[in-house]
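Those letters in the sequence shown? Residues 762 to 922, per our numbering, in order.
Since the structure comes first, as structure tokens, the remarks are kept for the end.
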Amino acid sequence: PLTRALNAAAPLSAVHWASAMTDELGLEYRGTNFAMYLSIAFGLGALLLAGIGLYAILAHTVSNRVPEYAVRMALGASPGGVRAGVMRSGMTLLGVGCAAGALAALAASRLLARVLYGVSAVDPASFGIAVGALGAVALLACWLPARRAARVDPMRSLRGE
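What follows is the structure, given as structure tokens:
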């Protein structure tokens, strides 16, 4: 259609083939788009694995420390205090992981600078979004074991000891 329109507008010109710039750019960036989608998929997979791993660590820790939580609650600790303690330990793990990840990302930023267009390799918004997403997943992963720890029945738990 574009070739016919050009030949109709200028019949003396020798236009054999023409295409829209958006089509050409689409072909040009096809490999880059695939790499972007692949990176997103790997990033989401890593986020999922991080959440599952944090949940597994905290669930295991809580199940091993049920007698301790029972004694604390028998001595007057509130369920909210027990829940906060478990959440604090999970958020500590998150902080250490985010610090290590930020250092690794800063070290890798030179490699990434070649393939990023219009975005700095150390873009604060990108780092903020990544930390925010990881924080949301970590809160969910910590909440379930913390809730279980706060629901410990001291009498039933200590009776088995």
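Even for Gly, the Cβ is constructed at its ideal location relative to N, Cα and C.
query	result
Contact between the segment 830 to 846 and the segment 908 to 920 (3+ Cβ pairs under 8 Å)	yes
7 Å Cβ shell around Ala820 - same chain, five flanking residues per side excluded	Pro906
Assumed close pair Leu810, Val898 - CB separation to whole angstroms, cut-off 8 Å	With a Cβ gap of about 10 Å, Leu810 and Val898 do not count as contacting.
Length-filtered (3 minimum) beta strand (DSSP E) runs lying within the segment 831 to 888	none
Integer Cβ distance of Gly851 from Cys903, believed to fall under 8 Å	3 Å
Alpha-carbon spacing of Gly889 relative to Ala779, whole angstroms	43 Å
Local conformation of His777 per DSSP, three classes	coil
Three-state secondary structure (DSSP) of Val790	Reading the sequence as shown, one finds Tyr at residue 790 and not Val. DSSP places Tyr790 in coil when its eight states are reduced to three.
Spatial distance of Ala831 from Thr793 (CA atoms)	55 Å
Presumed contact (8 Å Cβ cut-off) between Pro718 and Leu919, rounded CB distance	A query on residue 718 cannot be resolved here, the shown segment of the chain reaching from 762 to 922 and no further.
Which of helix, strand or coil DSSP assigns to Val913	coil
Among Leu815, Ala874, Val876 and Ala838, the one whose alpha carbon lies nearest that of Gly856	Leu815
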